[in-house]
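First comes the structure, then the notes that go with it.
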Amino acid sequence: MSIITHPILLNSAFVPTPPISVSVSDPRRASQRFPPHFLCLSSLSASPSGMDANVSQGLYPLHRSKTLHLVRHAQGSHNVAGEKDPEAYLSYDYLDASLTPLGWNQVDNLREHVKSSGLSKGIELVITSPLTRTMQTAVGVFGGEASTDGIDSPPLMIDNAGDSARPAISSLNSPPFLAVELCREHLGVHPCDKRRSITEYRNIFPAIDFSLIEIDEDILWKPDVREKNEEVAATGLRFLEWLWTRKEKEIAVVSHSGFLFHALSAFGNDCHPTVKNEICTHFANCELRSMVIVDRGLIGSDDPSSNYPGKIPHGLDLPSDIADEKLAANGPAN
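Quick note, the sequence shown lines up with residues 2 to 335 if you use my numbering.
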């Protein structure tokens with residue numbers, strides 16, 4: 002599976018900003034239209050795809066971006082039943098559904114990709130929806146190896162969690178895992194999307210951090226009211242904005258088809274249709290897409306750790322182009 006990286010432009014998702022005309026002396030950029038806070042590097046001529054030049058490239062400070070590795074959970078038992086009969090999604094037989102054996106095979110394949118591609122080396126945090134199928138996927142893909150006796154650190158998942166017949170998964174040599182309610186699936190009506198108590202989850206997934214979930218029982222899920230798509234999209238935007246409160250720059254997020262689709266659907270409108278399609282289509286089971294999310298609204302406040310101020314030690318530093326501007330402004334010397 003190839004990894005796709007695209008800019009997601011935070012703070013411009015729901016309110017489009019009109020482009021502004023810029024007059025420049027360089028004929029390669031003359032009469033181009035630049036969206037606010039967006040630096041275009043395209044040439045004046047149309048690109049081979051016929052798209053407008055002003056949407057082809059963007060340049061952003063590194064410290065105002067984060068890399069997100071977005072993953073939909075692997076196949077769950079509710080997916081199999083719902084494919085045969087959509088009414089199965091209303092059955093309590095699939096309350097907080099677990100992964101199927103095929104789902105675990107999907108997890109193993111994605112884990113191999115994450116390791117062989119080197120992606121796992123950079124991930125600083127794994128965020129997971131607090132449902133069994135997402136947590137199984139998260140620890141199976143991004144966790145340590147099989148846990149063994151005599152290790153002091155708690156496992157990410159105990160042996161046979163969710164009747165999986167899988168060995169315990171170690172938390173050694175893995176990033177921290179954090180359960181977050183903001184990236185859950187559509188709430189309500191479907192029992193497969195109702196979570197168990199946090200007390201029960203802590204016994205099954207001991208090394209996952211549930212500290213951000215204050216209420217033990219699931220009070221968000223309602224048996225008779227299903228969240229609207231626009232409500233899921235709004236929650237998705239709040240989730241992305243919350244990510245800017247995290248210090249980590251490279252984060253894996255394991256969530257659900259509906260949540261990922263609606264959270265991303267507002268983005269990519271200023272991109273080529275092919276790029277928009279890559280961002281906004283539904284995820285397959287255990288599909289991973291890597292995205293770059295960009296802060297255009299000055300949400301982030303971290304200092305740029307990789308930038309260097311220059312002129313150390315201090316010395317004369319007048320670039321030739323600035324010297325020409327000064328000469329033109331002051332006029333010829335007497």
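Backbone N, C-alpha and C define an ideal beta-carbon position, used for all residues, glycine too.
**Message:** Going by C-alpha to C-alpha distance, which of L261, F262 and C281 sits closest to F270?
**Reply:** What you label residue 270 is simply residue 269 of the sequence shown in a count that begins at 1. The question names Phe, but residue 270 in the sequence shown is Asn. Closest by alpha carbon: C281.
**Message:** On the criterion of 16 or more Cβ atoms from any shown chain inside 10 Å, does I220 qualify as buried, or is it exposed?
**Reply:** Locating residue 220 in the sequence shown gives position 219, where the first residue counts as 1. I220 is exposed by the Cβ-count criterion.
**Asked** Is T200 helix, strand or coil by DSSP?
**Response** Along the sequence shown, read from residue 1 onward, the residue named residue 200 stands at position 199. DSSP places T200 in helix when its eight states are reduced to three.
**Prompt:** When DSSP builds the beta bridges, which residues end up paired with L179?
**Reply:** Numbered from its first residue, the sequence shown carries residue 179 at position 178. Paired residues: I128 and D210.
**Asked** Is L100 helix, strand or coil when you go by DSSP?
**Response** On the sequence shown, position 99 is the one that residue 100 refers to. Three-state DSSP puts L100 in a strand.
**Prompt:** In the structure shown, what three-state DSSP assignment does A330 receive?
**Reply:** Stepping through the sequence shown from its first residue, residue 330 is reached at position 329. Helix, per DSSP.
**Asked** Taking one C-beta from the stretch 151-169 and one from the stretch 185-198 each time, how about it: are there three or more such pairs within less than 8 Å?
**Response** no
**Message:** Just list the residues that DSSP pairs A253 with in beta bridges.
**Reply:** In the sequence shown, the residue the question calls residue 253 occupies position 252. In DSSP, A253 forms a bridge with H70 and V127.
**Message:** I'd like the list of long-range same chain contacts for P320, defined as Cβ closer than 7 Å, with 5 residues on each side in sequence excluded.
**Reply:** Taking the sequence shown and counting its residues from 1, one reaches residue 320 at position 319. If we look at P320 and ignore the five residues flanking it on each side, it has no Cβ neighbours.
**Item:** C-beta atoms of A75 and L100 nearer than 8 Å
**Value:** Here residue 75 refers to the residue found at position 74 of the sequence shown. Here residue 100 refers to the residue found at position 99 of the sequence shown. Cβ distance < 8 Å, so A75 and L100 count as in contact.
**Message:** Under 8 Å: do the stretch 222-230 and the stretch 116-128 share three or more Cβ pairs, one atom per stretch?
**Reply:** no
**Request:** With a 10 Å radius around its C-beta and 16 neighbouring C-beta atoms as the bar for buried, classify E314 as buried or exposed.
**Result:** Start at 1 with the first residue of the sequence shown, and residue 314 comes out as number 313. This sequence places Pro at residue 314; Glu is not what is there. Looking at its Cβ environment, which holds fewer than 16 other Cβ atoms inside 10 Å, P314 is exposed.
**Prompt:** Taking the Cβ atom as the reference point for each residue, do L111 and R290 lie within a distance shorter than 8 Å?
**Reply:** As a first step, residue 111 is located in the sequence shown; it is residue number 110 there, counting from the start. As a first step, residue 290 is located in the sequence shown; it is residue number 289 there, counting from the start. For L111 and R290, no; Cβs fall outside 8 Å.
**Item:** Classification of N278 by the beta-carbon crowding that lies within 10 angstroms, buried from 16 upward
**Value:** Along the sequence shown, one-based indexing puts residue 278 at 277. Classification for N278: exposed.
**Request:** Would you mind reading off the limits of the alpha helix (DSSP H) that contains M158?
**Result:** Here residue 158 refers to the residue found at position 157 when the sequence shown is read from its first residue. No alpha helix (DSSP H) holds M158; DSSP gives it neither H nor E.
**Message:** For the beta strand (DSSP E) containing I170, name the first residue and the last one.
**Reply:** Here residue 170 corresponds to residue number 169 of the sequence shown, with the count starting at 1. Premise fails: I170 is in no beta strand (DSSP E) and is neither H nor E.
**Request:** Count the other C-beta atoms from every protein chain shown that fall within 10 angstroms of the C-beta of S212, then say buried if there are 16 or more, exposed otherwise.
**Result:** Taking the sequence shown and counting its residues from 1, the one referred to as residue 212 is at position 211. So S212 counts as exposed.
**Request:** Specify the secondary structure class of I294 as computed by DSSP and reduced to three states.
**Result:** In the sequence shown, the residue the question calls residue 294 occupies position 293. Strand, per DSSP.
**Asked** Is it true that the stretch 169-189 meets the stretch 251-262, where meeting means three or more beta-carbon pairs spaced less than 8 Å apart?
**Response** Look at the beta carbons and you see the stretch 169-189 touching the stretch 251-262: at least three pairs across the two are nearer than 8 Å.
**Request:** May I have the straight-line CA-CA distance separating D318 from S307, to the nearest angstrom?
**Result:** Reading the sequence shown from its first residue, position 317 is the one you call residue 318. Reading the sequence shown from its first residue, position 306 is the one you call residue 307. The alpha-carbon of D318 is positioned some 22 Å away from that of S307.
**Request:** Would you mind stating whether Y95 and S78 have Cβ atoms separated by less than 8 Å?
**Result:** For the purposes of this step, residue 95 is taken as the residue at position 94 of the sequence shown. For the purposes of this step, residue 78 is taken as the residue at position 77 of the sequence shown. The answer is yes: Cβ separation under 8 Å.
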